[in-house]
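Here's the structure, in structure tokens; my notes come after.
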Amino acid sequence: MKILIVEDEKELLESITISLEKEKFVIESANNFEIASEKIALYEYDCILLDIMLPFGSGLDLLKQLKKNNKSENVIIISAKDSLEDKIKGLELGADDYLTKPFHISELNARIKAVLRRKKLDGKNSIEVRNITLDITERQLTIDKINIPLNRKEFDILNYFLLNKNRVVTKTALAEHVWGDNIDQADNLDFIYYQIKNLRKKLQQAQIEIELVYGIGYKMIEK
14 MKILIVEDEK ELLESITISL EKEKFVIESA NNFEIASEKI ALYEYDCILL DIMLPFGSGL
74 DLLKQLKKNN KSENVIIISA KDSLEDKIKG LELGADDYLT KPFHISELNA RIKAVLRRKK
134 LDGKNSIEVR NITLDITERQ LTIDKINIPL NRKEFDILNY FLLNKNRVVT KTALAEHVWG
194 DNIDQADNLD FIYYQIKNLR KKLQQAQIEI ELVYGIGYKM IEK
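No gaps in the numbering here: position 150 of the sequence shown is 163 in the numbering used here, and each next residue is one more.
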């Protein structure tokens, strides 16, 4: 899961980043309106943590940008402005939740997981397809109720494919989602092939498979 943190308070940004990375999220950040605007225009995120008061602009304008571009990212506003008017504006513009500063990081983690469950998993903690179950909270895969160990990237790749089952996923989209926006600096995407090769071996008994879409990327289908 990839999260964008839009926050200009350095200490808070670092604190949130450290906490969410421990939860195995891929984290990107923006400390002003311009950087955030560019990132949400170019990339897709599972969740955006959005401060309203930003250098060079307002977080509410970023919400308008997301709405205009038909982006479906889950947005949680994190702001010191504890006014009913701001909350209503944010929710009307498509925000999914609103957390007022100061807050406990543990509460933020719980809000993020709740939003992701609500939007992507219909409130569940796991994804079930045929004979496999992927537990998002425990980060565990079972095939026919047998636990199959996955490393961090294998889990993230499988999770992304399951959420996009029967859709063609480009190598670039997969790389950006699992490895973050700095994937732009990579010379090539060959490392994706090796990760998927290893994942396929672990899915041999599963009633799903990752098939190659030549020249484009991959697609997960049921056998």
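Quick reminder that beta carbons are idealized off the backbone N, C-alpha and C, glycines included.
With DSSP as the reference, identify every bridge partner of residue i, one or two as the case may be.
i	result
isoleucine 161	Leu154
leucine 67	Gly70
What number of angstroms, rounded off, separates the C-alpha of residue i from the C-alpha of residue j?
i	j	result
isoleucine 159	leucine 63	40 Å
lysine 81	lysine 100	20 Å
threonine 185	aspartate 110	30 Å
threonine 155	lysine 178	18 Å
alanine 49	glycine 193	15 Å
glutamate 167	glutamate 47	33 Å
valine 191	lysine 15	7 Å
arginine 165	valine 19	25 Å
tyrosine 231	leucine 79	27 Å
arginine 130	leucine 171	17 Å
threonine 183	isoleucine 209	13 Å
alanine 219	alanine 108	37 Å
leucine 75	arginine 180	28 Å
alanine 93	leucine 67	12 Å
Where do the N-terminal and C-terminal ends of the alpha helix (DSSP H) with residue i fall, by residue?
i	result
lysine 81	72-81
leucine 104	97-105
Starting from residue i and walking both ways along the beta strand (DSSP E), at which residues does that stretch end?
i	result
lysine 23	Not the beta strand (DSSP E): lysine 23 falls in the alpha helix (DSSP H), residues 23-35.
tyrosine 111	110-113
lysine 137	Segment: none, lysine 137 is in no beta strand (DSSP E) and carries neither H nor E.
aspartate 59	That residue, aspartate 59, is in no beta strand (DSSP E); it is neither H nor E in DSSP.
glutamate 189	Premise fails: glutamate 189 lies in the alpha helix (DSSP H), 184-192, not in any beta strand (DSSP E).
asparagine 87	87-92
isoleucine 16	15-19
leucine 216	Leucine 216 -> no beta strand (DSSP E), and no H or E assigned at all.
glycine 230	230-235
So what does DSSP say about residue i, is it helix, strand or coil?
i	result
aspartate 203	helix
glutamate 41	strand
leucine 129	helix
aspartate 169	helix
isoleucine 221	strand
isoleucine 145	strand
Inset, instruction - Flag this pair as touching only if the stretch 80-92 and the stretch 31-40 have three or more C-beta atom pairs under 8 Å; answer yes or no. - result: Touching, no, given that fewer than three Cβ pairs across the two stretches are closer than 8 Å.
Inset, instruction - Assess, as a yes-or-no matter, whether the stretch 201-209 is touched by the stretch 130-141 under the definition of 3 or more beta carbon pairs within less than 8 Å. - result: Judged by pairs of C-beta atoms under 8 Å, the stretch 130-141 does not touch the stretch 201-209, as fewer than three such pairs exist.
Inset, instruction - Count the C-beta pairs between the stretch 111-130 and the stretch 65-77 that are closer than 8 Å, then say yes if the count reaches three, no if not. - result: no
Legend entry - contact_flag[the stretch 16-33, the stretch 164-180] where n(CB pairs < 8 Å) is 3 or more: no
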